[in-house]
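K.L.:
If you scroll down you'll find the structure; I have some questions about it.
Number of protein chains: 2
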Amino acid sequence: MPQTRSVRMSAWAVPGIPEIVSGDDLVEVIAGALVAESGDVNAGGLLDGDILTVTSKIVSKAEGRSVEAADREQAITDETVRIVASREHPNGVTRIVENRLGLVMAAAGVDSSNTPDGIVLLLPLDPDATARTLCAGLRQRFGVTIGLVITDTVGRPWRKGQADIAIGAAGIHVLDDLRGTADASGRPLAVSVTALADEVAAATDLVKGKAGGLPVAVLRGLGSHVADLDAPGARSLVRSGPEDMFSLGTKEAWMAGFDEAHDESALKEE
Amino acid sequence: MPQTRSVRMSAWAVPGIPEIVSGDDLVEVIAGALVAESGDVNAGGLLDGDILTVTSKIVSKAEGRSVEAADREQAITDETVRIVASREHPNGVTRIVENRLGLVMAAAGVDSSNTPDGIVLLLPLDPDATARTLCAGLRQRFGVTIGLVITDTVGRPWRKGQADIAIGAAGIHVLDDLRGTADASGRPLAVSVTALADEVAAATDLVKGKAGGLPVAVLRGLGSHVADLDAPGARSLVRSGPEDMFSLGTKEAWMAGFDEAHDESALKEE
Chain A
1 MPQTRSVRMS AWAVPGIPEI VSGDDLVEVI AGALVAESGD VNAGGLLDGD
51 ILTVTSKIVS KAEGRSVEAA DREQAITDET VRIVASREHP NGVTRIVENR
101 LGLVMAAAGV DSSNTPDGIV LLLPLDPDAT ARTLCAGLRQ RFGVTIGLVI
151 TDTVGRPWRK GQADIAIGAA GIHVLDDLRG TADASGRPLA VSVTALADEV
201 AAATDLVKGK AGGLPVAVLR GLGSHVADLD APGARSLVRS GPEDMFSLGT
251 KEAWMAGFDE AHDESALKEE
Chain B
1 MPQTRSVRMS AWAVPGIPEI VSGDDLVEVI AGALVAESGD VNAGGLLDGD
51 ILTVTSKIVS KAEGRSVEAA DREQAITDET VRIVASREHP NGVTRIVENR
101 LGLVMAAAGV DSSNTPDGIV LLLPLDPDAT ARTLCAGLRQ RFGVTIGLVI
151 TDTVGRPWRK GQADIAIGAA GIHVLDDLRG TADASGRPLA VSVTALADEV
201 AAATDLVKGK AGGLPVAVLR GLGSHVADLD APGARSLVRS GPEDMFSLGT
251 KEAWMAGFDE AHDESALKEE
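Sequence order for the protein chains is A and B. If you read the first sequence in UniProt numbering, its first letter stands for residue 1, the second for the next number, and so on. If you read the second sequence in UniProt numbering, its first letter stands for residue 1, the second for the next number, and so on.
Put into structure tokens, the structure is as follows:
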């Protein structure tokens, strides 16, 4: 039997978020913008089941995660757990690295757009923890059961362009595990686990845009994916270890194999 | 100056799409469902600027792209341009391959869920061409300027879970190239190209779900991304060649390097 339950989803960016500086209380800032936009002092225009997404950049700014741009390369090195791939180009070297959050990103996620001159921004210290703080604070402030996702923008292997993913999450099922459930014909859906939080991040990027000034969005209509505050965060979306078939770039892995064979030959010759 | 233009986006799945069989005219099927849902015989409830997404599975079914399940491994081989990575597991071997559409996908995109027993589905023959046909047909039928994206579900390196991407597109800017434009502080956005069509696919997956029966969705509010019918399709989202730093899995690249060193040693010894 075809499924006919149809979800109507809507999404919009919240206007009026001011420039964020170190020490700002993002619960207060976001709540204020929601009240101003909606005229609803009680619930900020939010409903149970809404999901808020917050661009990581304003979390980093509130946490004072800025460093001098002169230290950009050092900042990338400091945020790096290991180098996955690197490529030289006319303007320097792009390093794709795994950072301390387990995220594989160009420049470790160190960002120099939408920042004051001479300053670069590091990613938030613990985006899952911050997502819980923001989600709990806004739930309490407005008396609504919402989810919250902290987003960042990443490049992807094999695909041009960048897309937003979830780097922090609270109060939302980040994965929708459909394994064991049935498709429309009653056959088991063998390998279907939807990366909900990443799709939520991508969806709201379409209304936030990249030019700045709209770092917060509301997504309405997906209340079935809102969860307890202690549900696993975005860290659980990281695929690593033996499951990761792309732990090194092709060039880097090729060279590691080449060197290994040479080392073996050298040992034999001794 | 912070940007305050706020887009309100909405999305919903179109109910009432029947089981698709080979030879079905998808323009007629989708138009019929839109009219039935909206009660609007003239425009099917569509507005200029709407973007439709269509799950590739129904395109494959309409194109008769089914093969006997006994030939599944052969079907994957036939769709494969080259093997990117493979991994043995208790139930067999997973092959991540580049298929003839340039897409890097597990099992080349050959699908056995939501299909009759004993049948697997290949990806559409030319999803960009089909997207143009469907987009042109629906534009003409309803007199509205819409965009259309054909979606499929893929796994991603480094991230758990799957997300929808665009494998065919027409009448939409698949990339939003913001390079050269300015951020909120007036600084140039150096490396910002948004993969719009992929984010559109991900957004509507949230309302279509995976259980089947809802293979078509409407996304409203992004009319600024609707384009001429001959705008570049989803093929232009494929990153390949020297730009692709992950053209081989880590294990495969390592072994290629290892073998190369051995071959060199062997040549020296001759």
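Glycine is no exception: its CB is placed at the ideal position from the N, C-alpha and C atoms.
Residues of chain A with CB under 8 Å from I76 (chain B), in chain order?
P.N.:
Correct list: empty, because the minimum Cβ distance to chain A is about 14 Å.
K.L.:
With a threshold of 9 Å between beta-carbons, can V200 (chain A) be considered close to chain B, or not?
P.N.:
Yes, its Cβ sits closer than 9 Å to a Cβ of chain B.
K.L.:
Chain B partners of H262 (chain A), CB-CB under 7 Å?
P.N.:
What H262 (chain A) touches in chain B: A261.
K.L.:
Secondary structure at P94 (chain A), three-state DSSP: helix, strand or coil?
P.N.:
For the sequence presented, residue 94 (chain A) should be read as Thr rather than Pro. DSSP places T94 (chain A) in strand when its eight states are reduced to three.
K.L.:
Out of B:R87, B:R100 and B:Q162, which one is the CA nearest neighbour of S240 (chain B)?
P.N.:
Of the candidates B:R87, B:R100 and B:Q162, the one whose C-alpha sits nearest the C-alpha of S240 (chain B) is B:R100.
K.L.:
Quick check: the segment 163-170 of chain B against the segment 129-136 of chain B, are at least 3 beta-carbon pairs closer than 8 Å?
P.N.:
Flag = yes, the segment 129-136 of chain B and the segment 163-170 of chain B touch.
K.L.:
Say whether chain A places a C-beta atom closer than 9 Å to the C-beta of K61 (chain B).
P.N.:
No, K61 (chain B) lies away from the interface with chain A (no Cβ there is under 9 Å from its Cβ).
K.L.:
If you draw a straight line from the C-alpha of A163 (chain A) to the C-alpha of E269 (chain B), how long is it?
P.N.:
So the alpha carbons of these two residues sit roughly 51 Å apart.
K.L.:
Closer than 8 Å by beta-carbon distance: list the chain A residues that pair up with I165 (chain B), in chain order.
P.N.:
Here the neighbours are R159.
K.L.:
So what does L148 (chain A) bridge to, in DSSP terms?
P.N.:
Beta-bridge pairing links L148 (chain A) to A:L52 and A:A170.
K.L.:
So which residues of chain B does A11 (chain A) contact, with C-beta pairs closer than 7 Å?
P.N.:
Within 7 Å Cβ-Cβ: M9.
K.L.:
In the DSSP output, which residue or residues are listed as bridge partners for E88 (chain B)?
P.N.:
DSSP lists B:V93 as partners of E88 (chain B).
K.L.:
Can the beta-carbon of A234 (chain B) be found closer than 9 Å to that of V149 (chain B)?
P.N.:
Against a cut-off of 9 Å, the Cβ pair of V149 (chain B) and A234 (chain B) comes out as a contact.
K.L.:
Rounded to whole angstroms, what's the CA-CA distance from D25 (chain A) to A62 (chain A)? Just pull it up for me.
P.N.:
Distance between the alpha carbons of D25 (chain A) and A62 (chain A) is about 7 Å.
K.L.:
Take K251 (chain B) and list the residues in its own chain whose beta-carbon comes closer than 6 Å to its own, dropping the five residues that flank it on each side.
P.N.:
If we look at K251 (chain B) and ignore the five residues flanking it on each side, it has no Cβ neighbours.
K.L.:
Look at the Cβ atom of A261 (chain B), then the Cβ atom of D259 (chain A), and state whether they are nearer than 9 Å.
P.N.:
For A261 (chain B) and D259 (chain A), yes; Cβs fall inside 9 Å.
K.L.:
With distances taken from CA atoms, which of B:G221, B:I172, B:E98 and B:F142 is nearest V35 (chain B)?
P.N.:
Ranking B:G221, B:I172, B:E98 and B:F142 by Cα distance to V35 (chain B) puts B:F142 first.
K.L.:
Along chain A, which residues have their Cβ under 8 Å away from the Cβ of V67 (chain B)?
P.N.:
Ordered by position in chain A, no residue passes the 8 Å Cβ test against V67 (chain B), which lies about 17 Å from the chain.
K.L.:
Quick check on R235 (chain B): does DSSP put it in helix, strand or coil?
P.N.:
Helix at R235 (chain B).
K.L.:
Given a cut-off of 9 Å on the beta-carbon distance, is the pair A87 (chain B) and P124 (chain B) in contact?
P.N.:
The amino acid occupying residue 87 (chain B) in the given sequence is Arg; Ala does not appear at that position. For R87 (chain B) and P124 (chain B), no; Cβs fall outside 9 Å.
K.L.:
Contact defined as beta carbons within less than 8 Å: I believe L138 (chain A) pairs with M9 (chain A). What is the distance between those atoms, to the nearest angstrom?
P.N.:
Going by Cβ atoms, the distance from L138 (chain A) to M9 (chain A) rounds to 20 Å, so no, they are not a contact pair.
K.L.:
From the DSSP secondary-structure annotation, give me the bridge partner or partners of R10 (chain B).
P.N.:
Correcting the residue type first, residue 10 (chain B) is Ser in the shown sequence and not Arg. For S10 (chain B), which the question treats as bridged, DSSP gives the partners A:S10 and B:R220.
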